[in-house]
Amino acid sequence: MSGGVYGHRRAPITRGGRDDRGDARPSVYSAAMTREHSLSQIASKSEDFDRWYVDVVRRAELADYTPVRGCMVIRPYGYALWERTRDALDAMIKRTGHENMYFPLLIPESYLAKEAEHVEGFAPEVAWVTHGGDKELDERLAIRPTSETIICSMYADWIHSWRDLPVLINQWVNVCRWEKRTRLFLRTTEFLWQEGHTFHATDEEAAAEVDTMLECYRELAEDWLAMPVIKGRKTESERFAGARYTLSIEAMMSDGWALQAGTSHHLAQNFTTAYGIKYTDRTNTEQHPFQTSWGLSTRIIGGLIMAHGDEAGLIIPPRVAPIQVAVVPIARSNDDDAARLVEDACARLEREAGPDVRLRVDRREGLRPGDKFAHWELRGVPLRITVGARDLGDGQVTVVRRVDGGQTLEPLEGLGARLPDMLAAAQVATRARAQRLLDERSVDVSSLDELIAAFAERAVFASGPFCNLDECEAAVKAAVHAATVRNLRADRTADGAPCIACGRPAEDVALIARAY
RNA sequence: CGGGGCGUGGCGCAGCCCGGUAGCGCACCUGCUUUGGGAGCAGGGGGUCGCUGGUUCGAAUCCAGUCGCCCCGACCA
7 MSGGVYGHRR APITRGGRDD RGDARPSVYS AAMTREHSLS QIASKSEDFD RWYVDVVRRA
67 ELADYTPVRG CMVIRPYGYA LWERTRDALD AMIKRTGHEN MYFPLLIPES YLAKEAEHVE
127 GFAPEVAWVT HGGDKELDER LAIRPTSETI ICSMYADWIH SWRDLPVLIN QWVNVCRWEK
187 RTRLFLRTTE FLWQEGHTFH ATDEEAAAEV DTMLECYREL AEDWLAMPVI KGRKTESERF
247 AGARYTLSIE AMMSDGWALQ AGTSHHLAQN FTTAYGIKYT DRTNTEQHPF QTSWGLSTRI
307 IGGLIMAHGD EAGLIIPPRV APIQVAVVPI ARSNDDDAAR LVEDACARLE REAGPDVRLR
367 VDRREGLRPG DKFAHWELRG VPLRITVGAR DLGDGQVTVV RRVDGGQTLE PLEGLGARLP
427 DMLAAAQVAT RARAQRLLDE RSVDVSSLDE LIAAFAERAV FASGPFCNLD ECEAAVKAAV
487 HAATVRNLRA DRTADGAPCI ACGRPAEDVA LIARAY
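Numbering-wise, my numbering comes out as the position in the first sequence, counting from 1, plus 6.
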């Protein structure tokens, strides 16, 4: 649509993705300039969090519903956010020695069926292709819910010797899971993710891999998305179907609920045995390799929204923000001198911000500054620079930080060069704000009564000694509505303290929360 | 899958009970005036009412079915 680029009549510099002048600046997502919904209201976050979430996702143009049940379209602004996130993680995946490749979307039923627990676990949510054209297939094909089965089937032919190990691969793909209840980003029928798959000669090496990738997820969540997370091990009931154990990172949303933001599985030899993957070791003995898999999905975008957003809309940490700085010019249209002064200042900011700052001047005509402020606040842009004739008289502009509303007058001189530091500071502030939320809402409990009391007022992250028996997990669930054991914390040990449910000596500390 | 609600221009809704071929706000387009927190005036374009069938001279309105979405409960990245 023509609305993608504004100010096209008078703007001296072509902006956004249509830049054709060889400007070194990276193309900044262009469609965020659309006026669609720009004046619309969103529900109050404190009064109706769920509706606020949906409103923000749609009004900020991250995503929208489609004609297909449970499937969403990720719009350019939302996709840009995902791309930033994806690229950061992709770099970590490569840094840790993995290579990307691609396996097909369709998986023969017979392949899927070989690992009993796995197929049983996924059966309820697999979508099937039964026809090619108008001809019924001899064997129906699953649309991948995850790819362990097809990958094992193929690697059974490719792994023969200890020299072939380790295999360290990853793929960025869509997967499909027929969910009963869907939510934008958090749980959709089709979603995007990466799934890493590795094969190792030893159990210990696989275990180390599982830890390494969980650490990458922590780094992504905390250092890029500014979301503090709790690492830990899933209980038996939440373990991935077919895995020996599953590790997760759990993040706190600003309503106190937990979001599982990434998982890493030790598959031991469960799949390699079932799929007949064998190699000959140095002593000429046949072995099954040890395997891992790990995944992180577009769900984490939902987490980003719910972790940081406020009444005005999104708050995006600078490192992943599609647009980091929104510049709003303010000038009277009947004052040509002032308009020229303001435009010169804007152009100078664009020029001096440098290629590493994603800066956008909002030159849309016919909108008052208030509209533009609200527009960029809803979209969570970390910094806003107001360039007006009044401040410019003193050689200054106003800079407002989205995360805390902090406002300062800054000399225009050299501001472009100072932006990276200001963005870095905003990143830190966003992370600190989320950390404060987590700290304020975290409690230690030593009994079910204390657990119940902890949840009396609001949703929290409760931690307490836990023996990891099924009946104790059930007791926790029964004690507090919608609360579950999210994981057994990697950073804590109970050291024999009594389990909050049964009182027997416990080794682990459970993180208990209500979860999305 | 059970309970509740809703499908009417892009968005949000009214009209439906008491059938007579569609209305409001916002958005959109044009012009002028505005521009330091969501503008004003004037003019203009756009919908056949989720879908299918039925009742009727006539259906957005009544009936049946169907699809979809949202919210609340049992399964999940």
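Just so it is clear, CB atoms sit at the ideal spot from N, CA and C, and this is done for glycine as well.
Being a predicted model, the structure only gives us computed values, none of them experimental.
Item                                                                                                                                                                     : Value
According to DSSP, what are the bridge partners of T291?                                                                                                                 : According to DSSP, which records beta bridges pairwise, T291 is partnered with nothing at all.
Per DSSP, N180 forms a beta bridge with which residues?                                                                                                                  : L198
Within the same chain, show all residues whose beta-carbon is closer than 8 Å to that of M259, passing over the 5 residues directly before and after it, in chain order. : L265, G309, M312, A313, Y522
Strictly by DSSP, which residues pair up with D450?                                                                                                                      : S469
Would you please state the rounded distance, in angstroms, between the beta carbons of A544 and W58? I believe it to be under 8 Å.                                       : Residue 544 lies beyond the stretch modelled for the chain, which goes from 7 to 522, so this question has no answer here.
What are the start and end residues of the alpha helix (DSSP H) that includes N493?                                                                                      : Not the alpha helix (DSSP H): N493 falls in the beta strand (DSSP E), residues 489-495.
Taking only three categories from DSSP, how would you classify Y71?                                                                                                      : strand
Indicate the three-state DSSP secondary structure (helix, strand or coil) for R189 in the structure shown.                                                               : strand
Apart from the five residues just before and just after R464, which ones in its own chain have a Cβ nearer than 7 Å to its Cβ?                                           : G262
With DSSP run on the structure shown, which of helix, strand or coil describes Q413?                                                                                     : strand
In angstroms, rounded to a whole number, what distance separates the CA positions of L421 and V363?                                                                      : 12 Å
What would DSSP say about V406, mapped onto helix, strand or coil?                                                                                                       : strand
Which runs of the alpha helix (DSSP H) fall wholly inside the segment 200-281 and span at least 4 residues, in chain order?                                              : 209-225, 276-280
Rounded C-beta distance between Y281 and Q293? I'm assuming under 8 Å.                                                                                                   : Contact doesn't hold; Cβ gap of about 14 Å is too wide.
Per the DSSP calculation, R390 is bridged to which residue(s)?                                                                                                           : A332, V406
Using DSSP with H/G/I as helix, E/B as strand and the rest coil, what is A313?                                                                                           : helix
According to the neighbour-count rule (16 or more other Cβ atoms, all chains shown, within 10 Å of its Cβ), is R41 buried or exposed?                                    : Confidence in R41 is poor, its pLDDT being 37 and thus under 50, which makes the residue's placement too unreliable to answer from.
Helix, strand or coil: how does DSSP classify F109 here?                                                                                                                 : coil
Is L457 near R492, with beta carbons less than 7 Å apart?                                                                                                                : no
Distance check for V60 and S52, CA to CA, integer angstroms please.                                                                                                      : 14 Å
Using the C-alpha atoms, what's the distance from P388 back to K378?                                                                                                     : 14 Å
Quick one, which of A519, A512, T289 has its alpha-carbon nearest P504's?                                                                                                : A512
S153 and Y117 - do their beta-carbons sit closer together than 7 Å?                                                                                                      : no
In whole angstroms, what is the alpha-carbon distance linking A323 and P73?                                                                                              : Rather than Ala, the amino acid found at residue 323 in this sequence is Pro. Each residue's alpha carbon lies about 32 Å from the other.
Considering only the beta carbon of each residue, do V409 and T436 sit closer than 7 Å?                                                                                  : yes
Just the Cα atoms here: how many angstroms apart are A332 and V367?                                                                                                      : 6 Å
Taking Cβ positions, are S299 and L220 nearer each other than 7 Å?                                                                                                       : no
Answer yes or no: do A507 and A484 have a C-beta to C-beta separation smaller than 7 Å?                                                                                  : no
According to the Cβ coordinates, are G248 and L302 closer than 7 Å?                                                                                                      : no
To the nearest angstrom, how far is it from the Cα of P375 to the Cα of V334?                                                                                            : 7 Å
Smallest Cα separation from A462: which of Q441, D445, A489, N474?                                                                                                       : A489
Helix, strand or coil for L171 per DSSP?                                                                                                                                 : coil
Where Y71 and V63 are concerned, what is the direct C-alpha to C-alpha distance, given to the nearest angstrom?                                                          : 10 Å
Which residues share a DSSP beta bridge with S303?                                                                                                                       : W199
Use the C-beta contact count for T91: other C-beta atoms within 10 angstroms, 16 or more gives buried, fewer gives exposed.                                              : buried
In angstroms, rounded to a whole number, what distance separates the CA positions of C222 and L253?                                                                      : 12 Å
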